[in-house]
């Protein structure tokens, strides 16, 4: 006789049902009691676009390029995030900071172009771990949906954190935006 | 002229009844989705209008604007006839149901019932039997094997369950001594204790189970069982012809609930009826409250239909036939025999008295 290799072996006994079980009705009544108890329960789902669930602080959603206390961009375009990226979703171009741009860029070198392809990105968070300047983070937003693929390549306009009011960067960005509008 | 005036209340009641039936069927679809959602810990449709209340109309617009497809190999005449029969039959059933008691308006007294046929129950059975042709013709005319299988299942199921349904009603008729709906409802006057489901619990149970089968509702929804037959008998149907089939299912559910409420739950009778008549001295008020009570009972049974649908899984085909032929029919026969003996003892005809 073959021995069982696990201790979880169970012998299934098929017993003849008694008259009470064969009537079906008691079991049906029991089942209906269970379903009606769910009728009065709080729903597990929410009204999504109006209501949103709070996510954990460690949640890995869309990326953000941070600014420092005075509102200058932290990223120095070292390329470590792109190197760490397993999906090769990040590309960037470096540029040198000109005199007078100290309130916009923290270091002497900055990223003039910084792009993440959100269709390639696997939201692993390795870029966040690789960054030596605490410049890139994965935040809570997650719902990206669009009709064309090229809209999923996020440039600096979408990635860089909005400057806080009162910082010099805020004024400069505002002036720049107004110039664009004009 | 005189005949016209005599017929006028009937015609008005028929028109109102059509409107109410269609409206209730329309909102049964919404109710079904909401009840399903609540039973599954969800919220349900909530986009169209407040709490999704306009959802049925959105569905209706969708149904109407869909492309109407008649398969090339289908028999065109029968293909259109199928949903028409299904719709007409389920609308016809409601004519004999007593929606309320006496109402006096403009000096004339009439019953809130379109026609009081002395053979009301037989009429309902006849029309329900014809409605199986809607499924059969639709499935046959589609020229599709899934449709045909669904149609065959549907017809054999309805025919098998009609037998035990009829037998359970015979037991009821034996007790009440009449086939008229109004008479049966009036006999249940005088409190919950006089309602037939207490007098005839077995008849009620058999009738309820068979009503589920007659309506093709889960757990007996084999004719349209998606996992085996794609869409069942309406696989080839699209647009409003499909809408008619789905709609007739909901109307059938409403009519079945109404028949169950009338036969077993006192129809428009409600506890405290005589007391209300004594305090208000107005038959009209009592009648209107009675109509409300009747509809409450109907709504409860519609809810019950939905509740069962989301509780009990579908029967396998052999289980369905076993239940119908080997359990329900013997049970109904036993019930009939027992009722006959009880009636004889009651009327003291037994043992030569």
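Chains as they are written, first to last, in this note's numbering: chain A, 3 to 184; chain B, 3 to 355. Every residue, glycine too, gets a C-beta built ideally from N, C-alpha and C.
Beta carbon of residue i nearer than 7 Å to that of residue j
{"i": "residue 144(A)", "j": "residue 81(A)", "result": "no"}
{"i": "residue 45(B)", "j": "residue 47(A)", "result": "yes"}
{"i": "residue 235(B)", "j": "residue 141(B)", "result": "yes"}
{"i": "residue 130(A)", "j": "residue 66(A)", "result": "no"}
{"i": "residue 303(B)", "j": "residue 250(B)", "result": "no"}
{"i": "residue 27(B)", "j": "residue 300(B)", "result": "no"}
{"i": "residue 34(A)", "j": "residue 313(B)", "result": "yes"}
{"i": "residue 98(A)", "j": "residue 114(A)", "result": "no"}
{"i": "residue 197(B)", "j": "residue 190(B)", "result": "yes"}
{"i": "residue 11(B)", "j": "residue 79(B)", "result": "no"}
{"i": "residue 65(B)", "j": "residue 242(B)", "result": "yes"}
{"i": "residue 342(B)", "j": "residue 169(B)", "result": "no"}
{"i": "residue 166(B)", "j": "residue 344(B)", "result": "no"}
{"i": "residue 205(B)", "j": "residue 337(B)", "result": "yes"}
Alpha-carbon spacing of residue i relative to residue j, whole angstroms
{"i": "residue 226(B)", "j": "residue 210(B)", "result": "20 Å"}
{"i": "residue 165(A)", "j": "residue 73(A)", "result": "6 Å"}
{"i": "residue 20(B)", "j": "residue 163(B)", "result": "27 Å"}
{"i": "residue 324(B)", "j": "residue 240(B)", "result": "34 Å"}
{"i": "residue 221(B)", "j": "residue 201(B)", "result": "27 Å"}
{"i": "residue 167(A)", "j": "residue 141(A)", "result": "21 Å"}
{"i": "residue 151(B)", "j": "residue 207(B)", "result": "29 Å"}
{"i": "residue 135(B)", "j": "residue 61(B)", "result": "26 Å"}
{"i": "residue 295(B)", "j": "residue 272(B)", "result": "6 Å"}
{"i": "residue 73(B)", "j": "residue 153(B)", "result": "17 Å"}
{"i": "residue 6(A)", "j": "residue 30(B)", "result": "55 Å"}
{"i": "residue 291(B)", "j": "residue 97(B)", "result": "21 Å"}
{"i": "residue 263(B)", "j": "residue 153(A)", "result": "60 Å"}
{"i": "residue 269(B)", "j": "residue 187(B)", "result": "6 Å"}
{"i": "residue 193(B)", "j": "residue 41(A)", "result": "30 Å"}
{"i": "residue 149(B)", "j": "residue 118(B)", "result": "38 Å"}
{"i": "residue 178(B)", "j": "residue 156(B)", "result": "32 Å"}
{"i": "residue 17(B)", "j": "residue 233(B)", "result": "33 Å"}
{"i": "residue 49(A)", "j": "residue 42(B)", "result": "15 Å"}
{"i": "residue 84(A)", "j": "residue 55(A)", "result": "31 Å"}
{"i": "residue 104(B)", "j": "residue 127(B)", "result": "26 Å"}
{"i": "residue 305(B)", "j": "residue 38(A)", "result": "11 Å"}
{"i": "residue 275(B)", "j": "residue 288(B)", "result": "7 Å"}
{"i": "residue 129(B)", "j": "residue 14(B)", "result": "22 Å"}
{"i": "residue 108(A)", "j": "residue 57(A)", "result": "31 Å"}
{"i": "residue 79(A)", "j": "residue 136(A)", "result": "12 Å"}
{"i": "residue 132(B)", "j": "residue 84(B)", "result": "11 Å"}
Bridge partners - residue i, DSSP secondary structure assignment
{"i": "residue 119(A)", "result": "155(A)"}
{"i": "residue 66(A)", "result": "139(A)"}
{"i": "residue 97(A)", "result": "112(A)"}
{"i": "residue 10(B)", "result": "DSSP lists no partner for residue 10(B)."}
{"i": "residue 111(B)", "result": "106(B)"}
{"i": "residue 92(A)", "result": "118(A)"}
{"i": "residue 75(A)", "result": "69(A), 107(A)"}
{"i": "residue 162(A)", "result": "67(A)"}
Buried or exposed by the 16-neighbour rule on C-beta atoms within 10 Å, applied to residue i
{"i": "residue 355(B)", "result": "Confidence is the limiting factor: at residue 355(B) the pLDDT is only 49, short of 50, which leaves the residue's position unreliable and the question unanswerable from this model."}
{"i": "residue 100(B)", "result": "buried"}
{"i": "residue 124(A)", "result": "exposed"}
{"i": "residue 5(B)", "result": "exposed"}
{"i": "residue 138(B)", "result": "buried"}
{"i": "residue 24(A)", "result": "exposed"}
{"i": "residue 115(B)", "result": "buried"}
{"i": "residue 9(B)", "result": "exposed"}
{"i": "residue 346(B)", "result": "exposed"}
{"i": "residue 247(B)", "result": "buried"}
{"i": "residue 150(A)", "result": "exposed"}
{"i": "residue 118(A)", "result": "buried"}
{"i": "residue 32(B)", "result": "buried"}
Any C-beta of chain C under 7 Å from that of residue i
{"i": "residue 49(B)", "result": "This model lacks chain C altogether, as its protein chains are A and B."}
Any C-beta of chain B within less than 9 Å: which residues of the segment 26-44 of chain A qualify?
Along the segment 26-44 of chain A, going in chain order, the ones with a CB nearer than 9 Å to a CB of chain B are 26, 27, 30, 33, 34, 36, 37, 38, 40, 41, 42, 43, 44.
Compile a chain-ordered list of the residues in the segment 10-41 of chain B whose CB is closer than 7 Å to at least one CB of chain A.
Of all residues in the segment 10-41 of chain B, 40, 41 have a Cβ within less than 7 Å of some Cβ in chain A.
Relative to chain B, which residues along the segment 138-158 of chain A have a C-beta separation below 7 Å, given in chain order?
Flagged: no residues at all.
The segment 208-223 of chain B: which residues have C-beta closer than 7 Å to a C-beta of chain A, in chain order?
Of all residues in the segment 208-223 of chain B, none has a Cβ within less than 7 Å of some Cβ in chain A.
When Cβ atoms are compared, which residues of the segment 320-338 of chain B fall closer than 8 Å to chain A?
Answer set for the segment 320-338 of chain B: empty.
Residues, ordered as in the chain, of the segment 46-59 of chain A that lie near chain B by beta-carbon distance below 7 Å:
So the list reads 46, 47, 49, given in the order they occur along the chain.
When Cβ atoms are compared, which residues of the segment 298-319 of chain B fall closer than 8 Å to chain A?
Answer set for the segment 298-319 of chain B: 309, 310, 312, 313, 314.
To be precise: take each residue of the segment 249-265 of chain B, compare its Cβ to all Cβ atoms of chain A, and keep it if any distance is under 9 Å. Which residues remain?
Contact residues of the segment 249-265 of chain B toward chain A are absent (C-beta to C-beta distance below 9 Å).
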